[in-house]
Every structure is written in C-alpha cells, then in structure tokens.
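**Q** This note's numbering numbers the first residue of the sequence shown as 5 and each following residue consecutively.
Glycine residues also receive a C-beta, built at the ideal position from the N, C-alpha and C atoms.
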Amino acid sequence: MYQKSDPRGDSPVSIIGAGIAGAWQALLFAQAGHAVTLYERSDADMTLATSHWAGGMLAPWCEAEASEPVIGRLGIRSLDLWREHFPQTPFNGSLVVAHARDRADFERFAKLTTGHVRLDARGLSDLEPSLDGRFREGLFYAGEGHVEPRRVLPELHARVEAAGGTIKFDCDADAADLDGIVIDCRGLSARDEQPELRGVKGEMIIVETNEVELSRPVRLIHPRWPLYVIPRGDDKFMLGATSIEAEDTGVSVRSALELLGAAYAVHPAFAEARIVEFGSGLRPAYPDNLPRITVDKKIVVNGLYRHGFLLAPALAELTLGYVQRGAIDNEVMRCV
Ligand SMILES: Cc1cc2nc3c(=O)[nH]c(=O)nc-3n(C[C@H](O)[C@H](O)[C@H](O)COP(=O)(O)OP(=O)(O)OC[C@H]3O[C@@H](n4cnc5c(N)ncnc54)[C@H](O)[C@@H]3O)c2cc1C
C-alpha cells in the first residue's frame with residue numbers, strides 16, 4: 005500500500021447499483037460521514053440484480069479450491085466485516101461431502117483447501133443429523149458463514165438509510181449527471197464502458213420440504229460444478245449453482261436435472277420436496293475472474309464473479325481507504 009497525495013475527505017458520494025457491491029459501498033461511506041446517494045434501476049425487490057439470485061455463501065476456504073489467493077485474503081477480511089456489521093450472520097461453517105465414486109475429487113478438494121477438519125460418518129451425523137448414514141466422511145470448514153441474499157440486501161439498504169444515506173430505486177442513473185465522487189457498481193451493465201466484462205451464468209432452484217433439516221451449506225463434490233444445498237429457513241433450500249459461459253437466462257433441463265439430482269444425493273427426502281422457483285443470474289467477471297477497483301474520473305468496482313457476497317465488504321473498505329487516505333491496494337486497484 006502507498007498513500008496517495010489527494011485524499012478526498014468527506015465529499016458527497018453517488019453510487020450506481022444497489023446490488024451487494026454497491027450496498028456495502030454505500031453503507032461504509034455513509035457510516036464514515038459522507039453524504040451518500042445510492043441509485044438503483046430495479047425496484048426494492050432487486051430482481052434485476054445478480055445478487056438477487058446468489059447463494060450468499062461466505063466461504064473463503066472452500067473457494068480456495070478454484071480461485072487465487074487474493075480471494076482468500078479479501079474474503080477473510082470480509083468475514084470480519086460481516087461479523088462486525090451484522091453480528092446475527094450465521095457462522096455455522098460449511099460441509100463438503102462426496103459419493104464414493106467421486107473420492108479422488110474429494111481428496112483433491114481437501115488438498116487444495118485449508119481451514120477444514122475431516123469428519124467420519126459419526127462426526128457428520130453429530131453435526132447434521134439429517135445426513136446420518138448418507139456419507140462415509142466429510143470436510144468441515146468451521147469458520148465459514150452464509151447470508152440469505154433476499155433478506156440481507158434489504159437489511160443493508162435499511163442500514164444505509166439509518167446512517168443518513170438516500171436510496172433512489174427505479175432510477176436509471178448516468179454517472180455524467182451525478183455530483184461528487186461517483187462509484188460505479190453496475191455489475192454486468194458496466195460493459196458499455198468495460199467491454200472485457202462477461203456474464204457467467206449461474207442457475208439455481210429453490211425447493212421446500214420439512215423432511216430435511218440443515219444448519220449450514222452442504223457442498224457435494226461434482227465433476228463439473230460445485231453443487232450445494234443451502235438452508236434458507238421456513239423449510240426452504242436453495243440448490244445451486246451451475247457455472248456456464250453463456251449469457252442467456254432461464255434454467256435448462258440438463259441443469260435442473262443436475263441440481264435436483266445433487267439435492268437427492270444429499271438426502272432422498274428432497275425427492276418429495278416442492279419446487280418453489282427456478283432462476284438464474286449472470287455473474288459479472290473480468291477475463292482473469294478477479295475483482296477490480298478502477299480509479300479514473302469515477303471509481304468502478306466490478307468483476308465480483310462468484311464471490312460478490314464474500315468480497316463486497318472488503319472491497320468497500322478498500323474504496324473508502326482510497327477516498328479518505330489515498331491508500332492503494334496494488335493487487336485489486338488500478339489507477340488510470
Ligand atoms: C446462482 C448464483 C449463485 C451465487 N452464489 C454466490 C455465493 O454463494 N457467494 C458469493 O459470494 N457470491 C455468489 N454469487 C455471485 C454474486 O451473486 C455476484 O458476485 C454479485 O451478485 C455481483 O454483485 P454486483 O453488486 O457487482 O452486481 P449486481 O448484483 O448485478 O448489482 C448491480 C446493480 O446495478 C444496477 N444497475 C445497473 N445499471 C444501472 C444504472 N444505470 N442505474 C442504476 N442502477 C443500475 C442493477 O439493476 C443491479 O441491481 C452467485 C451468483 C449466482 C448467479
């Protein structure tokens with residue numbers, strides 16, 4: 005880090021996009037005393053945001069299996085920020101399990117990640133009684149947490165307002181018309197100015213059953229995608245998520261079969277579950293799949309890819325550090 009010489013003190017801040025990236029930016033800037041206005045094209049239900057469709061896992065150790073160390077560094081810092089600002093966030097850890105036929109991939113996952121302990125069948129059923137007798141062993145990542153996107157986004161928005169910020173929903177903003185420091189958190193819509201952004205499709209299904217109880221996300225090792233079941237409360241579970249280099253919307257039959265099959269493999273009672281919703285979102289990604297804060301006439305925070313909920317708090321802290329003190333994180337920030 006080095007200190008830039010023109011910190012911009014307590015100027016007003018305009019943030020475009022109230023998804024997970026923009027919401028955390030708005031919260032930290034408003035709490036730091038800036039006059040914040042957050043503009044969002046969607047209504048308060050946020051159905052236009054990729055964040056609406058996410059799993060909400062806060063899993064820096066599991067994600068190390070397929071991501072760069074910077075994701076772990078920022079993710080672990082974000083966990084502290086989630087704990088500090090949302091102490092009610094469940095940090096019950098996460099579980100990784102596999103069928104006997106995927107044993108080699110399970111061992112590979114264990115080798116590529118840290119922060120876990122191995123559980124035998126007894127340990128698994130002590131932790132998640134619903135999984136009794138289902139798997140011979142598992143990996144338990146005790147430090148991980150999860151949030152429910154459709155609950156935490158409105159909570160974040162309410163906290164922004166409580167800190168003195170203003171939120172304008174149903175408002176399509178253009179940076180050229182805005183005052184003060186502009187922070188662009190438009191996700192994939194920022195491709196008009198950053199053509200290297202691409203959308204990586206993630207499909208999900210929500211099911212409902214009162215025959216399975218889980219206290220934490222359970223990942224099932226799968227040859228193609230990290231499939232998981234996340235408890236949502238009210239007997240609902242999210243099944244996610246595919247990762248497809250395509251930008252269409254909807255859920256294919258093949259993906260639905262794989263997601264529902266994964267749930268059935270975690271517990272056969274999911275066969276009787278009621279399907280509540282199919283959906284998909286496009287994860288905004290740069291070619292290296294890493295997040296980036298670009299500082300030019302405005303500040304662009306984007307490329308959160310598979311890790312928006314995991315990274316948004318730490319990215320907001322970095323942006324605030326830049327604006328207030330001129331601090332630059334060379335791994336994430338680009339000054340144009
Ligand atoms: C199925 C699925 C599962 C996922 N699971 C996880 C997970 O478990 N953990 C995790 O950390 N991440 C997960 N992700 C990734 C995460 O959802 C994304 O990284 C994150 O949502 C990106 O957030 P964002 O704020 O950058 O973009 P968005 O959420 O898309 O927000 C951008 C917002 O900008 C608004 N906007 C655009 N243009 C304008 C404009 N001109 N004026 C006003 N508003 C505008 C849009 O309406 C939108 O609301 C998942 C993604 C998917 C699809």
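Go through its chain and collect everything with a Cβ distance to R287's Cβ below 7 Å, but skip five positions before and after it.
**A** T54, G203, V204, G206, Y309, R310
**Q** Return helix, strand or coil for G2, following the three-state DSSP convention.
**A** What is shown of the chain runs 5 to 340, which leaves residue 2 out entirely.
**Q** Report yes if the C-beta of P288 is less than 7 Å from at least one heavy atom of ligand 1; otherwise report no.
**A** yes
**Q** My output table needs one value for R329: the three-state DSSP class, helix, strand or coil.
**A** helix
**Q** If you measure from the CB of A25, is any heavy atom of ligand 1 nearer than 7 Å?
**A** At least one heavy atom of ligand 1 is nearer than 7 Å to the Cβ of A25, so yes.
**Q** Do you know how far the Cα of S284 is from the Cα of L135?
**A** 28 Å
**Q** What span of residues does the beta strand (DSSP E) with S98 cover, start to end?
**A** 98 to 101
**Q** Just the Cα atoms here: how many angstroms apart are A269 and G60?
**A** 22 Å
**Q** Is the beta carbon of W86 within less than 7 Å of some heavy atom of ligand 1?
**A** no
**Q** Could you tell me which of G307, V40, I24 sits nearest to D4, measuring between CA atoms?
**A** Residue numbering for the chain in the displayed model covers 5 to 340; residue 4 lies beyond these limits and cannot be assessed.
**Q** With distance defined between alpha-carbon atoms, name the residue in Y232, G97, A250, P295 nearest to E72.
**A** The candidate whose alpha carbon is nearest that of E72 is P295.
**Q** Quick check on the DSSP output: the alpha helix (DSSP H) that includes S259 runs from which residue to which?
**A** Start and end: 257 to 270.
**Q** Please list, in chain order, all residues of the same chain as F110 whose beta carbon is under 6 Å from its beta carbon, the five residues on each side excluded.
**A** Closer than 6 Å at the Cβ level, and outside the excluded window around F110, lie A102, I225.
**Q** For A320, name the three-state secondary structure that DSSP assigns.
**A** helix
**Q** Since E88 is in the alpha helix (DSSP H), which residue starts that stretch and which ends it?
**A** 73 to 89
**Q** Measuring from the CB of E159, is there a heavy atom of ligand 1 at a distance below 7 Å?
**A** no
**Q** Between W57 and ligand 1, is there a pair consisting of the residue's CB and a ligand heavy atom that are separated by less than 7 Å?
**A** yes
**Q** Could you tell me the boundaries of the beta strand (DSSP E) in which G206 lies?
**A** G206: member of the beta strand (DSSP E) spanning 202 to 212, first to last residue.
**Q** Can you pull the DSSP bridge partners for F241?
**A** V211, P235
**Q** Please list, in chain order, all residues of the same chain as V340 whose beta carbon is under 8 Å from its beta carbon, the five residues on each side excluded.
**A** T298, V299, D300
**Q** Count the other C-beta atoms from every protein chain shown that fall within 10 angstroms of the C-beta of L231, then say buried if there are 16 or more, exposed otherwise.
**A** When all chains shown are included, L231 counts as buried.
**Q** So, with DSSP's three-state summary, where would you put F313?
**A** For F313, the secondary structure class from DSSP, reduced to helix, strand or coil, is helix.
**Q** Less than 8 Å between the beta carbons of V222 and V233, yes or no?
**A** yes
**Q** Output yes or no for whether 8 Å exceeds the beta carbon distance between I209 and I303.
**A** no
**Q** When you compare the segment 60 to 70 with the segment 150 to 158, are there three or more beta-carbon pairs, one atom per stretch, that lie closer than 8 Å?
**A** yes
**Q** Mind checking whether the beta-carbon of L52 lies closer than 7 Å to any heavy atom of ligand 1?
**A** yes
**Q** Considering only their Cβ atoms, is the gap separating S18 from D183 smaller than 8 Å?
**A** yes
**Q** Can you tell me whether E148 is buried or exposed, with buried defined as 16 or more other CB within 10 angstroms of its CB?
**A** Label assigned to E148: buried.
**Q** Tell me the DSSP secondary structure of G59 in three-state form.
**A** coil
**Q** Can you name, in chain order, every residue of its own chain whose Cβ lies under 7 Å from the Cβ of Q7, other than the five neighbours on each side?
**A** At Q7, the pLDDT of 39 sits below 50, so the modelled position is not reliable; the number obtained from the coordinates is stated separately. Closer than 7 Å at the Cβ level, and outside the excluded window around Q7, lie R329, G330, A331.
**Q** May I have the straight-line CA-CA distance separating I187 from L83, to the nearest angstrom?
**A** 23 Å
**Q** Compute every distance between the C-beta of H311 and the non-hydrogen atoms of ligand 1, then say whether any falls below 7 Å.
**A** yes
**Q** On the three-state DSSP scale, how would you describe K115?
**A** helix
**Q** Nearer than 7 Å: is that true of the beta carbon of G244 relative to any heavy atom of ligand 1?
**A** Taking the Cβ of G244 as the reference point, at least one heavy atom of ligand 1 falls within a distance shorter than 7 Å.
**Q** Can you tell me which of the three DSSP states E141 falls into?
**A** Residue state, collapsed to three classes: strand.
**Q** With three or more beta-carbon pairs closer than 8 Å as the criterion, would you say the segment 253 to 264 touches the segment 22 to 29?
**A** No: the two stretches stay apart, fewer than three of their Cβ pairs being nearer than 8 Å.
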